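Down below is the structure, laid out as C-alpha cells.
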C-alpha cells in the first residue's frame, strides 16, 4: 500500500532565494504547495519605537536602514513629513538634488531586483551585469553624500551636501550609457524563451485583488492601474517633469518584469530633464530653526518608492521628538498577497513569485 | 529559439569586454573626499560642548572634560573621548554639529579586527588616525 | 590489444587484478586531471563572461591550483552525517553515483590506438551504464532524510526517465548510417563527412538530452540552488560531496567525448590537415563541446519541472522519432 503525506517545509530563514531572513512555512504535497505561511520579524529593529526617543534629524540615519536598496526615498519621506508639518520651504536646488538622487536610487534598486530575480530563475550572468551599472550609480551617490548604501543625505529643509564639481556632468554622461545597457538587458533576457515560460502567467492576480490587498508600486501597476504617486499626488517638483507610468496588462510576473524595466527607462527620462533644468546656483538649505520643533499636530505624507507607496505618519506634541511615528512600508503590504498567490503552485514558482513581488526584508520587518 | 540565440550572442560579446572587478585588498580602494570613514579627533580644538554626544543617534560617543590647566583661561579641555565602533553607524551627525571641527571624518574605513574590544577607539587612537582627512566639512 | 584480450581470457588471479588496476590508473589520472582543470576552466569562462576574473589567487595569476586546493579542503573536512539519515544508503550513494561515471569512459575511443575496451555494443554500454548514476542520486536524496534532498532526488529520477528515451532515440539515426554500435567503427565511417552534417536534428536532440542527463543549466533541476538549495547533495560534506562533484564533471568529460565521437568525427582530421596528430583533433573538437556547455550555463535560465517534462515528452520524443523515420528514408534513397 502506497501512503503519501504532506510535508511541512521551511523555506528560509536561511534559504538563498528569500533575499534575506524571510521564512515561509509551506505545506507541500510532492512539489505542489497546499498552504504557505510567511513568518516575518527576523530583522525587526523597532525603528518606529526607537524614533520616539530620537530628534527628527537623528531619525534620518535610521530610515536608511529600512529599505536599504533605495535609502534616498526613505530619507525623503521623513524629511518631507517634517517639512509638511512645519510648513518649511525647500530651496529649488535642493529639490533638484533630491530628485536626481532619488531617481538614481530607483534605478539602482530596480537593477538589484533585476539581477537577483534572474538569479532566482536560474541564471547568474544578469546579476553581474546589473551590478556593474549599479556600482556606477553607487559611486555617483558616494561622491555626492559620502556613503555607498546608507546615504543619510537629506536634512529637514534641504540636503546635506551640494553637488561636487562635475558631478552633474557625470550623471549626464551616465544616462545614455544606462540606456544602452538597458537595451542590452532586453536583448539578453527579455526575449529568452525559457525566461518567458518561467514568468508568463505565474503569480497572476486581478485589479480588484491588487486593490483589496493594498498593493502598490509595480505590483499594482502590472494589473493595468496607472497609479503612481509621482503623477497622482505630485510631491517635490515632480510636476515639472514629463514621464509616463508604465503599466502591464496581465498582472503576472511577466507584467511586473516589464513594468520595472520600463520604470528604469522612465527614471532615466526624469533624470535627463532634471539634469537639464538643474539651477546654476542657489542654496541647498532652507530657513530652518536651529532646533527642530514641529508644532503640535499630525501629518501623513506618502511618496512613490521603487517598491510602492511609502508613507510616513508623525504625531507631534510640539517637542523635539515625535510622540508617535509610523512608516507605511510598501514591502510589508505587498507581501500580504503571497499566501494567496502561492496556493497550488509548485516549488519553482514559489521562487519566481516571491522574487517578483520585490521585497526588502529591512523594510518588511521595520 | 531566437531569444535563446540572442542571449548566447550577448554573453559571448561580453567575454572580451574589460573586467570590472576591483582588486581591493591588493590595491587600496580610493574613496571620494566626502566619504564617511572613521573619525579623526583634534583634542586641542575640542571645547567640550557635548553636542556630538547629544546628536549621536546610537549613543556611541562618551567624553569627559576637565578644567583648563591654565587658571587664567575659561572653559574646559577634553580629558577622555571614546567612540564605540561596535555601534557607531558613521552617520556624520557628530561632525556636522561640531562648532570647532574638532571631530572630522576620514576616508579610512577598514574597521575589521580580531576582538570586539578593539572597536572601542579612545582619544589617542582617534587623534592618531590622521590620514585621508576629509577636506570639506 | 591482443595482450589485453589474452588478459581478459586468462584465469582470474591476484596478479591480473593488479594489472587491471595499473592499466586503469593512467586513465583515472587523466580524467582527474581533466576534472581539475574543467572546473577551473568553467569558473574562468563564467568569470570572463560575467566581467570578473574567476579564480586568480591560488597557484599564480590564473589560479591553476585552485581546484587542487578545493579538493584538499574537502578531503580534510569533517565528514558530517545527519542523525536521522539512512546510514548504509548514505554511505553507498556517492559510490553508486561515481563508479558508473568512470566505467563509461572505458568504451570511448580517444584516438585510433588509445582505446580501453573495444566492444561491439560500446554505444549501448555507455548509455546503459550512465543511467545508473541516477540511482545514486535518488539514493542520496532518500538517504539524507532531508526534504529538499528528497525533492532533488525525485526530480532527478523523473528527469532521467524522460530524457533517456530521446537520448537513445536520437542515436538510432547514427547507428542506421554507420551500421554499427561499435564506437571505433562509427568514427571510421565519418572519415569524410561527420555525422553532424548528416544528422543535424539528431545532433540537436542529443545535445539537449545530454544536457539534461548531465544536470546542467537549463536542466539542473535536481540541484537548483535557488529553489532546492543544493538538491540531492545538500546534506553531504567533505569527500562524499566531492564524489558527487567528481561524478558530475566526469560525466561532462564522457558526454563531451561521446558527442565528439558520434557527431564530430572523433579523431578524424578535417581533410587536408591530416599532418596534425589525431589526439590533437580529438582534443580540439572535445574542447569546443565542453566550452559550449559552459557557454550555455552562463546564459540561460532554468526550466520548471513541468515544462521540462512537457518539453521532453511532447517535443523531444516526437522529434527524435521523426528523425529516425527521416534517417531511414534518406538512407534508403541516397546511400
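Chains as they are written, first to last, in this note's numbering: chain A, -15 to 350; chain B, 7 to 143; chain C, 0 to 334. Virtual Cβ for every residue (Gly too), placed ideally from N, Cα, C. In this text, all values refer to a predicted model and were calculated from it rather than measured experimentally.
Rounded to the nearest whole angstrom, the CA to CA distance from residue 171/A to residue 13/B is 7 Å.
Taken atom to atom, the span from the alpha-carbon of residue 16/B to that of residue 341/A is near 27 Å. Chain A has no Cβ within less than 7 Å of the Cβ of residue 105/C. Assignment of residue 191/C by DSSP, reduced to helix, strand and coil, places it in the coil class. One finds 63 in chain B with Cβ atoms closer than 8 Å to the Cβ of residue 46/A, taken in chain order. In the displayed model, residue 243/A falls within a helix according to three-state DSSP. For residue 240/C, same chain residues with a beta-carbon under 7 Å away, outside a window of 5 residues either side, are 73 and 232 in chain order. Relative to the Cα of residue 53/B, the nearest Cα in the group 43/B, 72/B and 35/B belongs to 72/B.
In the displayed model, residue 146/C falls within a helix according to three-state DSSP. Beta-bridge pairing by DSSP links residue 179/C to no other residue.
One thing to note: residue 121/A has its Cβ within 7 Å of the Cβ of residue 88/A. The three-state secondary structure of residue 22/A, taken from DSSP, is strand.
Distance between residue 95/B and residue 90/A, taken at the CA atoms: about 23 Å. At least one CB of chain B lies nearer than 7 Å to the CB of residue 50/C. Beta bridge pairing from DSSP links residue 292/A with 289/A. Annotated as proximal: residue 89/B and residue 127/B, with beta-carbon spacing under 7 Å.
A direct Cα-Cα distance of roughly 29 Å separates residue 41/A from residue 318/A.
One Cα belongs to residue 33/C, the other to residue 49/A, and the distance between them is close to 47 Å. With the rule of 3 Cβ pairs closer than 8 Å, the segment 35 to 52 of chain B counts as touching the segment 102 to 119 of chain B. Residues of chain A with a Cβ closer than 8 Å to the Cβ of residue 41/B are, in chain order, 126, 130 and 131.
DSSP places residue 152/C within a helical segment (H, G or I) once states are collapsed to three.
Residue pairing by DSSP puts residue 70/B in a beta bridge opposite 86/B.
Burial check for residue 29/A: the Cβ neighbour count within 10 Å stays below 16, so the residue is exposed. Contact of residue 54/A with chain B by beta-carbon distance below 7 Å is absent, the smallest such distance being about 18 Å. For residue 11/A, the enclosing beta strand (DSSP E) has its first and last residue at 7 to 13.
Around the beta-carbon of residue 261/A, fewer than 16 other beta-carbon atoms lie within 10 Å, marking it exposed. Nearest C-alpha to residue 109/A among 302/C, 298/C, 316/C and 327/C: 298/C. Residues of the segment 157 to 171 of chain C with a C-beta less than 8 Å from any C-beta of chain A: none at all. Each residue's CA atom was taken as its position, placing residue 38/C and residue 335/A some 28 Å apart. Our two residues, residue 223/A and residue 144/A, have alpha carbons roughly 24 Å apart in a direct line.
In this structure, residue 197/A lies near residue 321/A, with their beta-carbon atoms less than 7 Å apart. Of the residues assessed, residue 35/B falls on the exposed side of the cut-off, its CB having fewer than 16 other CB atoms within 10 angstroms.
The Cβ atoms of residue 306/C and residue 189/C do not sit closer than 7 Å to each other. Interface criterion not met: the Cβ of residue 81/A is under 7 Å from no Cβ in chain B. Residue 56/A holds the alpha-carbon nearest to the alpha-carbon of residue 93/A among 219/A, 33/A and 56/A. Given a length threshold of 4 residues, each whole run of the alpha helix (DSSP H) inside the segment 198 to 249 of chain C is given here in chain order: 199 to 212 and 224 to 227.
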